[in-house]
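A.B. asks: Encoded as structure tokens, here's the structure I'll be asking about.
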Amino acid sequence: MASQNSDEFLVERTTIVKAEASVVFALINDFHQWTQWSPWEGLDPAMQRTYAGPDAGVGASYAWAGNKKAGSGSMVITESVPDERVVLDLAFLKPFKAQNVTTFLISPNAGEVQVTWKMSGKKNLFFKIFGFIFSMDKLVGKDFEKGLSQLKAAAEKG
Numbered sequence: 015m016a017s018q019n020s021d022e023f024l025v026e027r028t029t030i031v032k033a034e035a036s037v038v039f040a041l042i043n044d045f046h047q048w049t050q051w052s053p054w055e056g057l058d059p060a061m062q063r064t065y066a067g068p069d070a071g072v073g074a075s076y077a078w079a080g081n082k083k084a085g086s087g088s089m090v091i092t093e094s095v096p097d098e099r100v101v102l103d104l105a106f107l108k109p110f111k112a113q114n115v116t117t118f119l120i121s122p123n124a125g126e127v128q129v130t131w132k133m134s135g136k137k138n139l140f141f142k143i144f145g146f147i148f149s150m151d152k153l154v155g156k157d158f159e160k161g162l163s164q165l166k167a168a169a170e171k172g
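Numbering (my numbering), first residue to last: 15 to 172.
Encoded structure:
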């Protein structure tokens with residue numbers, strides 16, 4: 015993990031899912047499926063979602079605009095390796111501006127799948143100033159844990 019004084023950050027969480035890698039991959043690789051497991055679903059019942067590009071895989075994009083809790087931003091899948099990895103560029107617009115890379119690693123092992131969710135990026139001025147009060151890990155780590163738990167539940171029931 016990047017040090018607290020570094021200009022870069024890394025947030026990472028992992029879980030084990032008792033499902034086929036293809037099931038987990040399909041839930042991550044298609045933004046339309048994120049409503050089943052994203053930790054940010056439900057923050058704003060009136061949130062506006064816009065999908066563009068292909069339904070899934072490289073070039074698929076998703077934008078959202080919501081209340082103060084949900085904020086606004088967009089994601090674009092930049093790399094998609096079936097049953098192994100999905101990489102996206104994530105742009106937050108509100109409540110703060112930030113550009114981050116988000117990676118999902120899917121590692122099958124004896125009937126289970128290890129799923130790792132990583133987000134890395136550079137600390138912007140906001141986080142450099144307030145980084146002494148809270149870290150990116152504290153800010154989004156619990157969201158990643160909730161999302162992975164919900165992803166696990168969606169994959170295991172499907």
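Beta carbons are placed, not taken as given, at the ideal position from N, Cα and C, and that holds for glycine.
Near SER86, which residues of its chain fall below 7 Å by C-beta distance, leaving aside the five closest residues on each side in sequence?
C.D. replies: Here residue 86 refers to the residue found at position 72 when the sequence shown is read from its first residue. Hits under 7 Å: TRP78, ALA79, GLY80, LEU107, LYS108.
A.B. asks: Quick one: residues in its chain with C-beta nearer than 6 Å to the C-beta of PRO68, no 5 flanking neighbours on either side, listed in chain order?
C.D. replies: As a first step, residue 68 is located in the sequence shown; it is residue number 54 there, counting from the start. Here the set comprises ALA74.
A.B. asks: Consult DSSP for SER176 and reduce its assignment to one of helix, strand or coil.
C.D. replies: This structure gives no information on residue 176, because the portion of the chain shown stretches from 15 to 172.
A.B. asks: Comparing alpha-carbon positions, which option in ILE30, GLY71, GLY56 lies nearest ASP103?
C.D. replies: Within the sequence shown, residue 103 is the residue found at index 89, counting from 1. The residue with the shortest Cα to Cα distance from ASP103 is GLY71.
A.B. asks: What are the partner residues of VAL90, as DSSP defines its beta bridges?
C.D. replies: Along the sequence shown, one-based indexing puts residue 90 at 76. Partner(s): SER75, ASP103.
A.B. asks: Kindly indicate which residue of ALA105, ALA40, PHE23 has the alpha-carbon position closest to the one of PHE118.
C.D. replies: In the sequence shown, counting from the first residue as 1, residue 118 sits at position 104. Residue ALA40 is the option with its Cα nearest to PHE118.
A.B. asks: Rounded to whole angstroms, what is the Cα-Cα separation between ASP157 and ASN123?
C.D. replies: Counted from its first residue, the sequence shown places residue 157 at position 143. Counted from its first residue, the sequence shown places residue 123 at position 109. C-alpha separation (whole angstroms): 25 Å.
A.B. asks: Buried or exposed: LYS176, going by 16 or more other Cβ atoms within 10 Å of its Cβ?
C.D. replies: No answer is possible for residue 176: the residues shown for the chain start at 15 and end at 172.
A.B. asks: Spatial neighbours of TRP51 within its chain, please: CB distance less than 7 Å, with the 5 preceding and 5 following residues excluded, ordered by chain position.
C.D. replies: Here residue 51 refers to the residue found at position 37 of the sequence shown. Counting only Cβ-Cβ distances below 7 Å, and skipping sequence neighbours, we find LEU41, GLY161, GLN164, LEU165, ALA168.
A.B. asks: Could you tell me the alpha carbon to alpha carbon distance between ASN43 and MET133, rounded to whole angstroms?
C.D. replies: If you number the sequence shown from 1, residue 43 lands on position 29. If you number the sequence shown from 1, residue 133 lands on position 119. Going from the Cα of ASN43 to the Cα of MET133 covers about 16 Å.
A.B. asks: Rounding to the nearest angstrom, what Cα-Cα distance links GLU159 and PHE45 in this structure?
C.D. replies: The residue you call residue 159 lines up with position 145 of the sequence shown. The residue you call residue 45 lines up with position 31 of the sequence shown. Each residue's alpha carbon lies about 19 Å from the other.
A.B. asks: Label PHE110 either buried or exposed according to how many other C-beta atoms from any shown protein chain fall within 10 Å of its C-beta, with 16 as the threshold for buried.
C.D. replies: As a working mapping, residue 110 is identified with position 96 in the sequence shown. Burial call: exposed.
A.B. asks: Tell me whether the beta-carbon of ASP21 lies closer than 7 Å to the beta-carbon of LYS136.
C.D. replies: As a working note, residue 21 is residue 7 in the sequence shown. As a working note, residue 136 is residue 122 in the sequence shown. In contact: ASP21 and LYS136 (Cβ atoms closer than 7 Å).
A.B. asks: Since VAL101 and VAL115 should fall inside the 8 Å C-beta cutoff, what is the C-beta to C-beta distance between them, to a whole number of angstroms?
C.D. replies: Position 87 of the sequence shown, counting from 1, holds the residue named residue 101. Position 101 of the sequence shown, counting from 1, holds the residue named residue 115. About 7 Å; that satisfies the 8 Å criterion.
A.B. asks: If you compare alpha carbons, which of GLU26, GLU34, ILE91 is closest to ASP196?
C.D. replies: Outside the shown range of the chain, which is 15 to 172, sits residue 196, and nothing can be said about it.
A.B. asks: If you draw a straight line from the alpha carbon of LEU153 to that of GLN47, how long is it in whole angstroms?
C.D. replies: In the sequence shown, the residue the question calls residue 153 occupies position 139. In the sequence shown, the residue the question calls residue 47 occupies position 33. Each residue's alpha carbon lies about 24 Å from the other.
A.B. asks: For LYS83, which residues from the same chain have a beta carbon less than 8 Å from its beta carbon, with the 5 sequence-adjacent residues on both sides left out?
C.D. replies: Within the sequence shown, the letter at position 69 stands for residue 83. LEU57, ASP58, listed in sequence order.
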